[in-house]
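Structure, as structure tokens:
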Amino acid sequence: MLNIIWPIFIIVSFVYAILTGRVNEINDGIFKSVSDAVELSITFLGTMCLWSGLMEIVKNTTLMSKLTKLLSPIIKILFPELKNNQKAKSEISMNMIANILGLGNAATPLGLKAMKTMQDENLKKDTLSDSMAIFIVLNTASLQLIPTNVIAIRTSLGSANPTQIIVPVWIATLVAATVGIIATKIIIKKVREK
Amino acid sequence: MINYISSIAIPVIILVIIIYGLFEKNKVYDSFLDGAKEGMGIVIKLFPTLIAIFVAVGALRNSGLIDLIVKLIEPIIKTLYIPSQIMPLALLRPISGSASMAVAVDIMQKYGVDTTIGLITSTIMGSTETTFYTIAIYTSAVGIKKTRFILLGALLADIAGMVTSVVICNILSKSFC
Chain A
3 MLNIIWPIFI IVSFVYAILT GRVNEINDGI FKSVSDAVEL SITFLGTMCL WSGLMEIVKN
63 TTLMSKLTKL LSPIIKILFP ELKNNQKAKS EISMNMIANI LGLGNAATPL GLKAMKTMQD
123 ENLKKDTLSD SMAIFIVLNT ASLQLIPTNV IAIRTSLGSA NPTQIIVPVW IATLVAATVG
183 IIATKIIIKK VREK
Chain B
58 MINYISSIAI PVIILVIIIY GLFEKNKVYD SFLDGAKEGM GIVIKLFPTL IAIFVAVGAL
118 RNSGLIDLIV KLIEPIIKTL YIPSQIMPLA LLRPISGSAS MAVAVDIMQK YGVDTTIGLI
178 TSTIMGSTET TFYTIAIYTS AVGIKKTRFI LLGALLADIA GMVTSVVICN ILSKSFC
């Protein structure tokens, strides 16, 4: 997929920039982007190691199985393939819990660990498995109890009621997640029938 | 209050994890090092993807193409009752987290935080994710090349989230006026 999208993005942007005389802007832009990526990776290296380390501690305790039990009814419905893969199930539930609590820094490392565990069971190593697809769609829907970033920005812009958007955000998130999961499940089914 | 809850959440979680580990008589320090090592491997594997995605998004943003697209699809959007002011956000949101955040702040400064447009902008920011980035990171960290239909599913979720944001905020601001 990215083998098609990535070159299209670049070619279209460059051609358009040259035609509209924005060559200098695009020059600055791409090199700024590269150094942004380095900066982000360095920050990410730190948080990733921190959370992976902490989660390793969790993994060696009984906390893991307790958390998994809490979410297991939902996970059973969403990931029917992972019947006996306890490790993947508990990593998925930890990722979901981190997302719900708004701990973006923790959610990504946990999500990547869950991906790795699911990849171990994946038969075609270069292709996304069904569980992985559902899991990623779930992560793109941003399940969040308190959208702290947005509330912080609204406060700083002088909103009279910064938390007014919490309930709208819940509804929109739930609709997005439900639509995403149902659509993905339907596509999985259609692909299998072929 | 909410700020306090969100800032206390991380220290509490770290504390609970370490105390729980000690309570069950684990070698928490050794476990931490093992985990951190694993985390490092994941980031190193990820780095090339980040560079690739950032260059493509940086090029797209700085070429001015997004502004053109907004102008082109404006008539369609108008018939759907989506304010055209939020279109740059809707287009950028799936591609870049930092860029869409910047656009969101820009929109709210221009049209007001507590107006319908401001509310829609906030709700979209809170209820959607940087879809392209999430998919790229999650798939490339485990070396997956064929992502099948996932982009379609994820973008449908984004569109549903955005349309819902528009509808809810329209209702919300009408009932307040």
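Here the protein sequences line up with chains A and B, keeping their order.
Each residue of the first sequence is one higher than the one before, starting from 3 at the first, in the working numbering.
Each residue of the second sequence is one higher than the one before, starting from 58 at the first, in the working numbering.
Backbone N, C-alpha and C define an ideal beta-carbon position, used for all residues, glycine too.
Collapsed DSSP secondary structure at residue i in the structure displayed
| i | result |
| --- | --- |
| T129(A) | strand |
| K85(A) | coil |
| K202(B) | coil |
| A178(A) | helix |
| P68(B) | helix |
| Q142(B) | helix |
| S161(A) | coil |
| Q121(A) | helix |
| Q267(A) | Only positions 3 to 196 of chain A appear in the structure, and residue 267(A) is not among them; the question remains open. |
| P151(B) | coil |
| G169(B) | coil |
| S197(B) | helix |
| I7(A) | helix |
| T186(A) | helix |
| C234(B) | Only weak support exists for where C234(B) lies, its pLDDT of 42 falling under 50; the value from the coordinates is given anyway. C234(B): coil per DSSP, three-state reduction. |
| T185(B) | coil |
| N83(B) | coil |
| S88(B) | helix |
| L52(A) | helix |
| W172(A) | helix |
| N141(A) | helix |
| S199(A) | Residue 199(A) falls outside the range modelled here, since chain A spans only 3 to 196, and no answer is possible. |
| R24(A) | coil |
| T221(B) | helix |
| L103(A) | coil |
Own chain partners of residue i with C-beta closer than 8 Å, once the 5 adjacent residues on each side are dropped
| i | result |
| --- | --- |
| F33(A) | none |
| I192(B) | T204, I207, L208, A211 |
| V25(A) | A19 |
| V85(B) | I75, G78, L79 |
Within chain B, partners of residue i - CB distance below 7 Å
| i | result |
| --- | --- |
| F81(A) | Here the premise fails: no neighbours, minimum Cβ distance about 15 Å. |
| M50(A) | G96, I99, V100 |
| M117(A) | Y195, A198, V199 |
| S161(A) | V170, D171 |
| E194(A) | Note that residue 194(A) is Arg in the sequence shown here, rather than Glu. Those within 7 Å of R194(A) in chain B number zero; the least Cβ separation is about 12 Å. |
| S15(A) | A116, L117, S120, L122 |
Residue burial classification, residue i (beta-carbon count within 10 angstroms, cutoff 16)
| i | result |
| --- | --- |
| F137(A) | buried |
| K118(A) | buried |
| A162(A) | exposed |
| P145(B) | buried |
| C234(B) | Low confidence applies here, because C234(B) scores a pLDDT of 42, under 50, leaving its location unreliable; read the following figure in that light. Exposed, by the Cβ-count rule. |
| I20(A) | exposed |
| Q166(A) | buried |
| K91(A) | buried |
| T136(B) | exposed |
| F89(B) | buried |
| P132(B) | exposed |
| N5(A) | exposed |
| L194(A) | Looking at the sequence itself, residue 194(A) is Arg, so the reference to Leu does not match. Exposed. |
| P82(A) | exposed |
| P105(B) | exposed |
| G92(B) | buried |
Neighbourhood of residue i by C-beta, 7 Å cutoff - its chain only, sequence neighbours within 5 removed
| i | result |
| --- | --- |
| G175(B) | M165, Y168, G169 |
| A179(A) | L140, A143, L145 |
| V186(A) | According to the sequence as given, residue 186(A) is Thr; it is not Val. Closer than 7 Å at Cβ, skipping near neighbours: A135, I136, V139. |
Chain-ordered chain A contacts of residue i [CB-CB under 7 Å]
| i | result |
| --- | --- |
| I130(B) | Per Cβ cutoff of 7 Å: no residues; I130(B) is ~16 Å from chain A at best. |
| I225(B) | P170, I173, A174 |
| K53(B) | The displayed coordinates of chain B run from 58 to 234. Any statement about residue 53(B) would go beyond what the structure contains. |
| I75(B) | I59 |
| A159(B) | Residues of chain A passing the Cβ test: none, with the nearest at roughly 11 Å. |
| L213(B) | V181, G182, A185 |
Contacts that residue i makes with chain B (C-beta to C-beta distance below 9 Å)
| i | result |
| --- | --- |
| T45(A) | Within chain B, no residue comes near T45(A); the closest Cβ sits about 10 Å away, beyond 9 Å. |
| S133(A) | What S133(A) touches in chain B: nothing, since even the nearest Cβ is about 12 Å away. |
| L84(A) | Under the 9 Å cutoff, chain B gives no residues; its nearest Cβ is about 15 Å from L84(A). |
Residue i: contacting residues in chain B (beta-carbon distance under 8 Å)
| i | result |
| --- | --- |
| N141(A) | E186, T191, Y195 |
| I32(A) | V112, G115, A116, N119 |
Neighbourhood of residue i by C-beta distance below 6 Å, restricted to the same chain and skipping five residues each side
| i | result |
| --- | --- |
| L80(A) | I136 |
| V171(A) | P149 |
| M182(B) | A161 |
| M219(B) | A147, I181 |
Per-residue contacts from residue i into chain A (C-beta, under 9 Å)
| i | result |
| --- | --- |
| I71(B) | L52, L56 |
- Message: For the region 174-185 of chain B, list every residue whose C-beta sits within 7 Å of some C-beta in chain A, in sequence order.
- Response: L176, S179, T180, M182, G183, S184, T185
- Where the region 137-150 of chain B meets chain A: residues whose CB sits under 9 Å from a CB there: none
- Query: What are the residues of the region 168-179 of chain A that lie near chain B, defined by any Cβ-Cβ distance shorter than 9 Å?
  - Reply: I168, V169, P170, V171, W172, I173, A174, T175, L176, V177, A178, A179
- Item | Against chain B: residues of the region 18-29 of chain A by CB proximity under 7 Å | Y18, A19, T22, R24, E27, I28
- Query: What are the residues of the region 50-73 of chain A that lie near chain B, defined by any Cβ-Cβ distance shorter than 8 Å?
  - Reply: M50, C51, L52, W53, S54, G55, L56, M57, E58, I59, V60, K61, N62, T63, T64, L65
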